[in-house]
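Q:
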Amino acid sequence: MALSAQQIPRWFNSVKLRSLINAAQLTKRFTRPARTLLHGFSAQPQISSDNCFLQWGFKTYRTSSLWNSSQSTSSSSQENNSAQSSLLPSMNEQSQKTQNISSFDSELFLEGNILCQERKRIIPVLLMNFYHAFILLPISEEEAIQIIADPPLPPASFTLRDYVDHSETLQKLVLLGVDLSKIEKHPEAANLLLRLDFEKDIKQMLLFLKDVGIEDNQLGAFLTKNHAIFSEDLENLKTRVAYLHSKNFSKADVAQMVRKAPFLLNFSVERLDNRLGFFQKELELSVKKTRDLVVRLPRLLTGSLEPVKENMKVYRLELGFKHNEIQHMITRIPKMLTANKMKLTETFDFVHNVMSIPHHIIVKFPQVFNTRLFKVKERHLFLTYLGRAQYDPAKPNYISLDKLVSIPDEIFCEEIAKASVQDFEKFLKTL
Amino acid sequence: MGSAGLSRLHGLFAVYKPPGLKWKHLRDTVELQLLKVCGPAFAHLKVGVGHRLDAQASGVLVLGVGHGCRLLTDMYNAHLTKDYTVRGLLGKATDDFREDGRLVEKTTYDHVTREKLDRILAVIQGSHQKALVMYSNLDLKTQEAYEMAVRGLIRPMNKSPMLITGIRCLYFAPPEFLLEVQCMHETQKELRKLVHEIGLELKTTAVCTQVRRTRDGFFTLDSALLRTQWDLTNIQDAIRAATPQVAAELEKSLSPGLDTKQLPSPGWSWDSQGPSSTLGLERGAGQ
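These protein sequences, in sequence, are chains A and B.
Residue 8 is where the first sequence starts when you use the numbering used here, and the numbers rise one by one after that.
Residue 2 is where the second sequence starts when you use the numbering used here, and the numbers rise one by one after that.
#1: Quick one: which chain B residues come within Cβ less than 8 Å of residue 422/A?
#2: So, helix, strand or coil for residue 117/B, using DSSP?
#3: Between residue 11/B and residue 67/B, how many whole angstroms is the CB-CB distance? I'm expecting something under 8 Å.
#4: Determine, for residue 429/A, whether the minimum Cβ-Cβ distance to residues of chain B falls below 8 Å.
#5: With residue 35/B and residue 22/B assumed to form a contact (beta carbons below 8 Å), what rounded beta-carbon distance in angstroms separates them?
#6: In chain B, what lies closer than 8 Å to residue 416/A by C-beta?
#7: Kindly indicate which residue of 331/A, 204/A, 266/A, 328/A has the alpha-carbon position closest to the one of residue 301/A.
#8: Indicate the three-state DSSP secondary structure (helix, strand or coil) for residue 253/A in the structure shown.
#9: For residue 174/B, name the three-state secondary structure that DSSP assigns.
#10: Quick one: using the 10 Å Cβ neighbour count with 16 as the cut-off for buried, is residue 206/B buried or exposed?
#11: Strictly by DSSP, which residues pair up with residue 165/B?
#12: Which residues in chain B have a C-beta closer than 9 Å to the C-beta of residue 187/A? List them in chain order.
#13: Is it true that the segment 273-285 of chain A meets the segment 303-310 of chain A, where meeting means three or more beta-carbon pairs spaced less than 8 Å apart?
#14: Given a threshold of 16 other Cβ atoms within 10 Å of its Cβ, counted over all protein chains shown, does residue 153/B qualify as buried or as exposed?
#15: Which residues in the same chain have their Cβ closer than 7 Å to the Cβ of residue 102/A, if we skip the five residues on either side of it in sequence?
#16: Who does residue 209/B pair with in a DSSP beta bridge?
#17: The beta strand (DSSP E) spanning residue 49/B covers which residue range?
#18: Is the Cβ-Cβ distance between residue 183/A and residue 227/A less than 8 Å?
#19: Does residue 229/A pass the burial test, meaning 16 or more other C-beta atoms within 10 Å, or should it be called exposed?
#20: Shortest alpha-carbon distance to residue 122/B belongs to which of 108/B, 105/B, 109/B, 165/B?
#21: Give every residue of the same chain whose Cβ lies closer than 7 Å to the Cβ of residue 429/A, excluding the five residues on either side of it in the sequence, and list them in chain order.
#22: Quick check: what's the CA-CA separation for residue 344/A versus residue 335/A?
#23: Along the alpha helix (DSSP H) that carries residue 277/A, what are the first and last residues, could you check?
#24: Going by DSSP, what residues sit across from residue 317/A in a beta bridge?
#25: Are residue 118/B and residue 178/B touching if we call contact CB-CB under 8 Å?
#26: Does any C-beta atom of chain B lie closer than 8 Å to the C-beta of residue 4/A?
#27: Here's the rule: buried if 16 or more other CB atoms are within 10 angstroms of the residue's CB, otherwise exposed. What is residue 289/B?
#28: Between the segment 17-45 of chain B and chain A, which residues of the former have CB atoms less than 8 Å from a CB of the latter, in chain order?
#29: For residue 17/B, which of 255/B, 253/B, 245/B, 215/B has the nearest alpha-carbon?
#30: Ends of the beta strand (DSSP E) at residue 12/B?
#31: Helix, strand or coil, according to DSSP, for residue 226/B in the structure here?
#32: Taking 8 Å as the threshold (C-beta atoms), are residue 99/B and residue 213/B in contact?
#33: For a cutoff of 8 Å on Cβ pairs, would you count residue 438/A as touching chain B?
#34: Quick check on the DSSP output: the alpha helix (DSSP H) that includes residue 1/B runs from which residue to which?
#35: Cα separation between residue 54/B and residue 200/B?
#36: Comparing C-alpha positions only, which one of 385/A, 258/A, 377/A, 176/A sits nearest to residue 361/A?
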């Protein structure tokens with residue numbers, strides 16, 4: 008922003024005023040080492056009959072009126088701050104007398120992405136002038152060395168760590184348990200959080216979430232995942248919760264769903280309706296069963312529908328299950344709808360072709376699709392080695408699939424394989 | 002306890018790689034398991050792999066943690082032999098020498114007997130013996146070199162193609178047969194190719210159904226950790242158990258007796274104590 012030589016002095020004065028106002032409000036929060044300058048602010052400063060002070064006083068009177076009028080319009084606050092920020096470099100090039108002051112000011116500026124919206128108090132202008140004069144007095148070298156200046160806040164940064172000390176919002180969020188390191192990876196969300204006021208916006212959101220049923224200790228995890236909820240309108244959120252209640256989801260159900268799938272409330276009512284309708288049509292389950300399914304696995308509503316469609320086709324066409332069999336398996340293990348297609352086919356291939364287990368028995372134990380393939384393979388090969396691999400219910404010594412996959416190693420070895428764990432380990436090392 | 006334990010975790014240990022798992026996934030799984038103990042304090046852990054095993058092969062895989070990764074290089078430079086059990090199937094030939102590859106040829110194998118197989122294996126071992134001596138750049142005319150050859154201590158200490166120091170048949174029941182192979186500088190693909198070539202020598206065809214490493218240097222199957230044992234306590238115990246062995250073996254392999262093989266020029270005769278002893282001293286100081 009290019010300024011002509013004549014404009015600079017006037018801008019400089021007005022900027023000084025605003026900076027001091029910022030300083031006044033922020034001194035509450037900043038733990039700066041006490042300097043005689045600051046102390047002088049609260050006590051009655053001594054008026055020196057310095058020539059420069061009179062000049063200063065005159066100038067500040069003129070521009071203070073300007074400032075008062077401009078403060079009423081909040082829209083200019085943005086412009087003020089940008090003026091401050093753009094002028095910082097020019098201020099830093101001032102003479103030695105103002106050298107200390109400019110560095111002091113720059114510490115107190117919050118530039119760029121941070122806007123200090125808490126400045127509400129109006130300092131009496133008279134006191135400001137004395138403060139001004141006081142600051143402009145030359146200080147000796149020893150005193151200059153004693154000024155401890157923190158580095159200025161960066162205008163843009165890719166970590167929230169720089170701003171946490173200065174932002175009440177961020178501090179309160181950290182106290183809630185929100186993991187800021189995850190949020191700073193999304194720059195828009197981080198910017199949004201910095202700009203929000205804790206009292207006004209965030210508190211309403213937190214109370215609403217507690218209303219929905221999320222406990223205090225779960226709020227942190229929820230907000231870490233779904234930081235975009237702050238950009239949602241509170242009315243919309245309430246409408247969505249009301250819609251879910253209208254579909255006969257109990258309060259506890261809704262709480263569980265929102266906890267497990269944090270992005271659920273970001274979906275509009277039409278979208279939620281579409282999703283629920285899709286599952287009802289596709290799976291042809293009763294309303295109650297669809298409800299139970301969605302409550303158990305709410306990420307069905309928030310995730311993409313393509314994998315679900317693919318998996319339904321895989322079950323029907325590739326693996327050859329009948330529709331009622333698929334329904335039964337899905338109600339037992341909802342995760343099967345979103346499982347990986349490759350893993351499904353590999354597991355089925357092994358269970359059906361190598362272990363020779365027919366479809367109707369697999370349907371009875373769908374948890375084989377939920378276990379890792381290597382577990383099934385190892386145990387089956389061990390049983391084959393021992394001669395105990397018998398999966399036909401009609402014959403004696405039958406071993407059911409759920410016993411094969413769901414029980415831990417020691418019990419499996421003892422009861423099913425009737426061998427010791429050491430034998431099993433030795434066998435594993437021969438594979 | 003966890004983080005202190007992790008920061009003190011340095012050394013070598015062996016895991017048993019099951020078939021069907023890529024070695025990289027295995028290494029990542031072990032790293033994850035170790036990091037789970039103390040959460041996000043440690044961002045990542047240096048876990049290195051010794052001689053790699055491809056996805057279908059199984060067996061002893063040496064991993065190094067922290068400073069142990071340095072020992073991995075030392076182990077590599079020690080050029081120790083490895084033991085494999087290789088299972089073969091007569092009557093088929095495929096393009097990648099594995100059982101599930103694309104079928105190229107089918108043959109009969111009734112004429113194959115145990116004696117024929119043993120004879121072929123003896124021929125293979127003999128030819129590889131010659132190659133061993135050649136690649137180790139040792140002049141066999143000297144007395145010391147001859148003694149070492151008799152004791153079977155000759156090994157090439159630099160890059161060479163796959164060399165088989167020993168091969169024998171453990172089990173023969175056509176069409177299946179089981180070989181035990183001791184080799185160095187090998188890849189599992191070359192071992193499968195070996196099975197294929199044995200089949201060709203027997204005037205039939207063969208594919209390899211299993212390649213399993215039973216020993217890597219001084220790590221054997223007994224000390225290898227199974228999948229259920231990939232956690233901090235078991236790994237710490239394994240490292241503790243292996244450390245004295247590792248130190249002893251590495252020192253032995255870098256002792257002056259084998260220093261002659263470091264010299265690249267062929268036909269070097271080891272006549273005086275001077276050069277080799279200085280080399281030995283240097284190595285001793287370097288350790």
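Glycine included, C-beta positions come from ideal geometry on N, C-alpha and C.
Small disclaimer: the values here were computed from a predicted structure and weren't measured.
A: With the given structure in hand:
#1: Under the 8 Å cutoff, chain B gives no residues; its nearest Cβ is about 18 Å from residue 422/A.
#2: helix
#3: 4 Å
#4: no
#5: With a Cβ gap of about 18 Å, residue 35/B and residue 22/B do not count as contacting.
#6: 229
#7: 266/A
#8: helix
#9: strand
#10: buried
#11: 184/B
#12: Going along chain B, no residue has its Cβ under 9 Å from residue 187/A, so there is no contact; the nearest lies around 13 Å.
#13: yes
#14: exposed
#15: Residue placement at residue 102/A is poorly supported in this model, since its pLDDT is 41, which falls under 50; the coordinates still yield a value, given next. Cβ neighbours of residue 102/A beyond the five flanking positions: none.
#16: 89/B, 99/B
#17: 48-50
#18: yes
#19: buried
#20: 165/B
#21: none
#22: 12 Å
#23: 276-290
#24: Residue 317/A pairs with nothing; no bridge assigned.
#25: yes
#26: The requested residue 4/A does not occur in the structure, where chain A is confined to residues 8 to 438.
#27: No information on residue 289/B is available, as it lies outside the stretch 2 to 288 that chain B covers here.
#28: 17, 19, 20, 21, 22
#29: 215/B
#30: 12-18
#31: strand
#32: no
#33: yes
#34: As shown, chain B starts at 2 and ends at 288. That puts residue 1/B outside it, with no answer to give.
#35: 24 Å
#36: 385/A
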